[in-house]
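Participant:
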Amino acid sequence: MLDDEELWELAKEELKELESRKPEIEDEIKFLMIPKDPNDDKNIYLELRAGTGGDEAALFVADLFRGYLRYAENNNWKVEIMNQSESEAGGYKEIVALFKGDHVYSKLKYEGGTHRVQRVPATESQGRVHTSAITVAVMPEVDDVEIDINPNDLKIDVMRASGNGGQSVNTTDSAVRITHIPTGIVVTNQDQKSQ
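Numbered per the working numbering, the sequence shown spans residues 784 to 978.
(1) Report the option in Asn826, Asn933 and Arg902 whose CA atom is closest to the CA atom of alanine 840.
(2) According to the Cβ coordinates, are threonine 914 and glycine 837 closer than 8 Å?
(3) Between the Cα of tyrosine 893 and those of Asp810, Asn822, Gly967 and Val970, spot the shortest distance and give me the residue it belongs to.
(4) Can the beta-carbon of isoleucine 827 be found less than 8 Å from the beta-carbon of valine 887?
(5) Does DSSP classify alanine 845 as helix, strand or coil?
(6) CA-CA distance, arginine 804 and aspartate 810?
(7) Name, in chain order, the residues that DSSP records as bridge partners for proline 923.
(8) Opposite alanine 958 in the DSSP bridges: which residues?
(9) Do you know whose CA, among Gly874, Ala905, Asp824 and Ile930, lies nearest alanine 845's CA?
(10) Run through the DSSP bridge pairs and tell me what glutamine 901 is partnered with.
(11) Compute the Euclidean distance between the alpha carbons of glutamate 871 and leucine 842, then round it to the nearest angstrom.
(12) Kindly indicate which residue of Gly884, Asp940, Ser868 and Pro923 has the alpha-carbon position closest to the one of glycine 981.
(13) Which of the three DSSP states is assigned to alanine 833 in this structure?
(14) From tryptophan 860 to leucine 798, what distance separates their C-alpha atoms?
(15) Ordered along the chain, which non-local residues of its own chain (more than five positions away) have a Cβ less than 8 Å from that of methionine 865?
(16) Taking the beta strand (DSSP E) that lysine 890 belongs to, which residues open and close that run?
Set out below in structure tokens:
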């Protein structure tokens with residue numbers, strides 16, 4: 784090879800090119816060596832809750848949720864709203880949605896935490912800047928698990944729902960509380976009617 788001058792020149796050029804790409808290739812290799820998160824391919828439950836800031840925080844929840852919906856649309860994901868509690872100002876006190884698609888958790892897992900906005904809200908008449916905060920929780924969908932619950936371990940209470948609701952809210956048993964006695968876990972459900 785050393786006798787062939789032309790081949791030697793080609794090898795030197797290729798070596799220069801590879802030397803310049805060495806840091807980039809090393810970074811790629813390091814990234815590929817990171818263990819894969821077992822939840823990366825899972826669907827997620829995304830929960831947004833208004834925090835400090837009152838009505839403006841609820842409006843911020845609605846704005847951010849619309850952003851997540853657009854992102855889901857761009858990734859061809861399906862979104863199913865599981866629960867929502869609207870505020871009087873038009874936003875959401877809380878909204879929970881199931882996002883289904885390819886690699887949803889891997890793309891949204893770092894969105895969890897407190898999100899803050901500083902802006903002049905639509906609810907402000909004097910033009911002052913408000914700071915509002917909301918919380919975002921990103922939870923991977925869990926695999927189905929078979930469990931056996933002994934009915935004797937459950938304490939079931941049926942009661943009347945509280946809150947506004949007109950004539951029937953305080954006359955029908957529309958709230959249920961189930962307590963698992965061995966663990967102390969309590970689950971409640973209540974249907975409220977609004978006038």
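Glycine included, every Cβ here is placed at the ideal spot set by N, Cα and C. Here the structure is a predicted model, which means the values were calculated and not measured.
Facilitator: Short version:
(1) Arg902
(2) no
(3) Asn822
(4) yes
(5) helix
(6) 10 Å
(7) Ile827
(8) Met942 and Gln973
(9) Gly874
(10) Thr914
(11) 10 Å
(12) Residue 981 is absent from the structure shown; the chain starts at 784 and stops at 978.
(13) strand
(14) 45 Å
(15) Tyr828, Val879, Ala880 and Leu881
(16) It is not in any beta strand (DSSP E) - lysine 890 instead sits in the alpha helix (DSSP H) that spans 887-891.
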